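A.B. asks:
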Amino acid sequence: MSKPFAIVTGASSGIGLELATICAREGFDLLVAADRSDIQSAADRFRDLGAAVTVVEADLAATENVDRLWAAAAGRPVDALLANAGHGLGRAFLDQDFADVRHVIDTNVTGTVYLVQLAGRAMRSRGKGRILLTGSIAGFMPGTYQAVYNGTKAFVDSFSFALRAELKDTGVTVTCLMPGATETDFFETANMLDTKVGASKKQAPEEVAKIGFEAMLRGDGDVVAGWGNKLRQAIANITPSAMLASQHAELAKPGSAA
Ligand SMILES: NC(=O)c1ccc[n+]([C@@H]2O[C@H](COP(=O)([O-])OP(=O)(O)OC[C@H]3O[C@@H](n4cnc5c(N)ncnc54)[C@H](OP(=O)(O)O)[C@@H]3O)[C@@H](O)[C@H]2O)c1
Numbered sequence: 349m350s351k352p353f354a355i356v357t358g359a360s361s362g363i364g365l366e367l368a369t370i371c372a373r374e375g376f377d378l379l380v381a382a383d384r385s386d387i388q389s390a391a392d393r394f395r396d397l398g399a400a401v402t403v404v405e406a407d408l409a410a411t412e413n414v415d416r417l418w419a420a421a422a423g424r425p426v427d428a429l430l431a432n433a434g435h436g437l438g439r440a441f442l443d444q445d446f447a448d449v450r451h452v453i454d455t456n457v458t459g460t461v462y463l464v465q466l467a468g469r470a471m472r473s474r475g476k477g478r479i480l481l482t483g484s485i486a487g488f489m490p491g492t493y494q495a496v497y498n499g500t501k502a503f504v505d506s507f508s509f510a511l512r513a514e515l516k517d518t519g520v521t522v523t524c525l526m527p528g529a530t531e532t533d534f535f536e537t538a539n540m541l542d543t544k545v546g547a548s549k550k551q552a553p554e555e556v557a558k559i560g561f562e563a564m565l566r567g568d569g570d571v572v573a574g575w576g577n578k579l580r581q582a583i584a585n586i587t588p589s590a591m592l593a594s595q596h597a598e599l600a601k602p603g604s605a606a
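The numbering of the sequence shown is my numbering, which starts it at 349 and goes up by one.
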C-alpha cells in the first residue's frame with residue numbers, strides 16, 4: 349500500500365491506455381475502467397509493468413456504475429484521478445439517434461463530473477491529490493457535424509478551470525489535457541472515418557499522454573498537446589464563432605475525406 353494509487357478511466361485504448369501505461373511505469377498501482385472487455389488485456393499490460401491492478405468493466409455514462417468504480421477503490425487514498433473516458437458522435441445533429449446523443453453527454457459530462465466529485469472530496473479531506481481531465485481543443489470551436497461532442501468538451505475545459513480555482517490552496521490540483529486530433533479508435537467509434545479530420549494524419553497517443561501526465565504532475569492548469577494545436581487554439585480564440593463553425597464543417601462533414 350506504500351505505492352501511489354491512480355484511477356484511470358477509458359484505459360483500454362488510445363490516450364487512456366497510454367496514460368495508464370505511464371502511471372504503471374512510474375510506480376502507481378491502478379484502478380482502471382472501460383466499458384468493454386478490452387480493458388482486461390490492457391490490465392495485463394499494466395501488471396507486466398509492475399502495477400497492482402483492479403479492473404472495473406462498466407458503462408460510465410450511468411452514475412450507478414461510477415459508484416461501482418468508486419467502491420472498487422475500497423477506501424484506498426487516490427493520489428491521481430485521470431478522468432479520460434469519453435467518446436464522440438459524428439454526422440448532422442438532426443440525423444443522430446437521441447440515445448447516442450445522450451450517451452455522449454452522460455459519458456463525457458455526467459459520469460465524468462460525478463467521479464471527479466467523489467474523488468475530489470476525498471482528496472480535499474486528505475489535502476492532497478492530482479486530477480487530470482481529458483478535455484479537448486474541440487471545446488474552443490463549435491463542432492459542426494459533431495455538435496454535441498464539442499459542446500461536452502467545452503463543458504469539460506470550462507469545468508476544469510473553475511474547479512481548479514475552487515481548490516486553490518487545498519493541495520489538490522486540477523489539470524485539463526486538451527489534445528487535438530489523435531490517432532486512436534475515437535474517429536471509428538464516432539463514425540467519422542469518412543471525414544477529412546478522420547482521414548488526416550494525427551498525433552500519436554503516446555505523445556499526448558506523456559504531455560498530459562507531466563502537466564498533471566507539475567499541477568499545471570491546462571496543456572494543449574503539441575505546437576500545431578497550440579497555434580490552432582490561439583487562432584480559435586480570436587476567430588468569430590460563425591467562421592469556426594464553417595471551418596469545422598469542412599473537417600467533419602460526412603464524405604469530406606475524399
Ligand atoms: N482522439 C482524438 O482526436 C481526441 C482529441 C481530443 C480529445 N480526445 C478525448 O480523449 C479521450 C480518450 O479518447 P481516445 O481518443 O483515446 O479514444 P478511444 O481510443 O476510443 O478511447 C476511449 C476510451 O474511453 C472508454 N469509454 C468511452 N465511453 C465509455 C463509457 N461510456 N464508459 C466507460 N468507458 C468508456 C473506451 O472504452 P470502451 O471502448 O470500452 O467504451 C476507451 O477506453 C476522450 O475523452 C476523447 O474525447 C480525443
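Cβ atoms here follow ideal geometry from the backbone N, Cα and C, with glycine treated the same way. The structure presented is a predicted model; accordingly, all values stated were derived computationally and were not measured.
Pop quiz: phenylalanine 507 and valine 461 are said to be a contact at Cβ under 8 Å. What is the actual Cβ separation, rounded to whole angstroms?
C.D. replies: By 1-based counting over the sequence shown, the position of residue 507 is 159. By 1-based counting over the sequence shown, the position of residue 461 is 113. Between valine 461 and phenylalanine 507 the Cβ distance is about 7 Å, and since that is below 8 Å, they are a contact.
A.B. asks: Roughly how many whole angstroms lie between the Cα atoms of phenylalanine 376 and alanine 552?
C.D. replies: Position 28 of the sequence shown, counting from 1, holds the residue named residue 376. Position 204 of the sequence shown, counting from 1, holds the residue named residue 552. Using only the alpha carbons, I get a separation of about 23 Å.
A.B. asks: What residue from Ala547, Met591, Lys476, Asn577 has the CA that sits closest to proline 602's CA?
C.D. replies: The residue labelled residue 602 in the question sits at position 254 within the sequence shown. The shortest Cα separation from proline 602 among Ala547, Met591, Lys476, Asn577 belongs to Ala547.
A.B. asks: For the beta strand (DSSP E) holding isoleucine 355, just list the boundary residues, first then last.
C.D. replies: For this step, residue 355 is matched to residue 7 along the sequence shown. Start and end: 353-357.
A.B. asks: For glutamate 374 versus isoleucine 387, is the C-beta spacing smaller than 8 Å?
C.D. replies: Along the sequence shown, read from residue 1 onward, the residue named residue 374 stands at position 26. Along the sequence shown, read from residue 1 onward, the residue named residue 387 stands at position 39. Result no, Cβ atoms of glutamate 374 and isoleucine 387 do not sit closer than 8 Å.
A.B. asks: Checking contacts by CB at 8 Å: is isoleucine 387 closer than that to chain C?
C.D. replies: Included in the structure is just one protein chain, with no chain C present.
A.B. asks: Using the rule of at least 16 other Cβ atoms within 10 Å of the residue's Cβ for burial, across every protein chain shown, is arginine 450 buried or exposed?
C.D. replies: Translated into positions along the sequence shown, residue 450 becomes position 102. Arginine 450 should be labelled exposed.
A.B. asks: Taking 8 Å as the threshold (C-beta atoms), are asparagine 456 and glycine 434 in contact?
C.D. replies: Position 86 of the sequence shown holds residue 434. Position 108 of the sequence shown holds residue 456. Cβ atoms of glycine 434 and asparagine 456: closer than 8 Å.
A.B. asks: What is the C-beta distance between asparagine 577 and glycine 528, in whole angstroms, given that I count them as a contact (C-beta under 8 Å)?
C.D. replies: On the sequence shown, residue 577 is found 229 positions in, with the first residue counted as 1. On the sequence shown, residue 528 is found 180 positions in, with the first residue counted as 1. About 4 Å separates the two Cβ atoms, so the contact holds.
A.B. asks: Given 7 Å as the limit, tell me if asparagine 498 has its C-beta closer than that to any heavy atom belonging to ligand 1.
C.D. replies: Here the question's residue 498 lines up with position 150 in the sequence shown. Not so, every heavy atom of ligand 1 lies at least 7 Å from the Cβ.
A.B. asks: What does the Cβ neighbour count give for tryptophan 575, buried or exposed, with the cut at 16 atoms within 10 Å?
C.D. replies: The residue given as residue 575 occupies position 227 in the sequence shown. Exposed, since its Cβ has fewer than 16 Cβ neighbours within 10 Å.
A.B. asks: Is glycine 567 near ligand 1, judged by its Cβ being under 7 Å from some heavy atom?
C.D. replies: Here residue 567 corresponds to residue number 219 of the sequence shown, with the count starting at 1. Flag unset: Cβ of glycine 567 not near ligand 1.
A.B. asks: Smallest Cα separation from lysine 550: which of Phe534, Asp568, Ala563, Thr530?
C.D. replies: The residue labelled residue 550 in the question sits at position 202 within the sequence shown. Among Phe534, Asp568, Ala563, Thr530, the Cα nearest to that of lysine 550 is on Thr530.
A.B. asks: For glycine 574, verify whether its CB is less than 7 Å away from any heavy atom of ligand 1.
C.D. replies: Against the sequence shown, residue 574 aligns to sequence position 226. Because no heavy atom of ligand 1 lies under 7 Å away, the Cβ of glycine 574 does not count as near it: no.
A.B. asks: Please determine whether the Cβ atom of proline 527 lies at a distance below 7 Å from any heavy atom of ligand 1.
C.D. replies: To locate residue 527, count along the sequence shown from 1; it is residue 179. Yes; taking the cut-off as 7 Å, the Cβ of proline 527 has a heavy atom of ligand 1 nearer than that.
A.B. asks: In or out: methionine 591 buried (at least 16 other Cβ within 10 Å) or exposed?
C.D. replies: Position 243 of the sequence shown, counting from 1, holds the residue named residue 591. Result: exposed.
A.B. asks: From the DSSP output, in three-state form, read off methionine 564 for me.
C.D. replies: Start at 1 with the first residue of the sequence shown, and residue 564 comes out as number 216. Helix.
A.B. asks: Tyrosine 570 by DSSP, collapsed to three states: which one?
C.D. replies: In the sequence shown, the residue the question calls residue 570 occupies position 222. In the sequence under discussion, the amino acid at residue 570 is aspartate, which differs from the tyrosine named in the question. Strand at aspartate 570.
A.B. asks: Beta carbon of glycine 609, beta carbon of histidine 596: below 8 Å?
C.D. replies: Beyond the ends of the chain as shown, which are 349 and 606, falls residue 609; an answer cannot be given.
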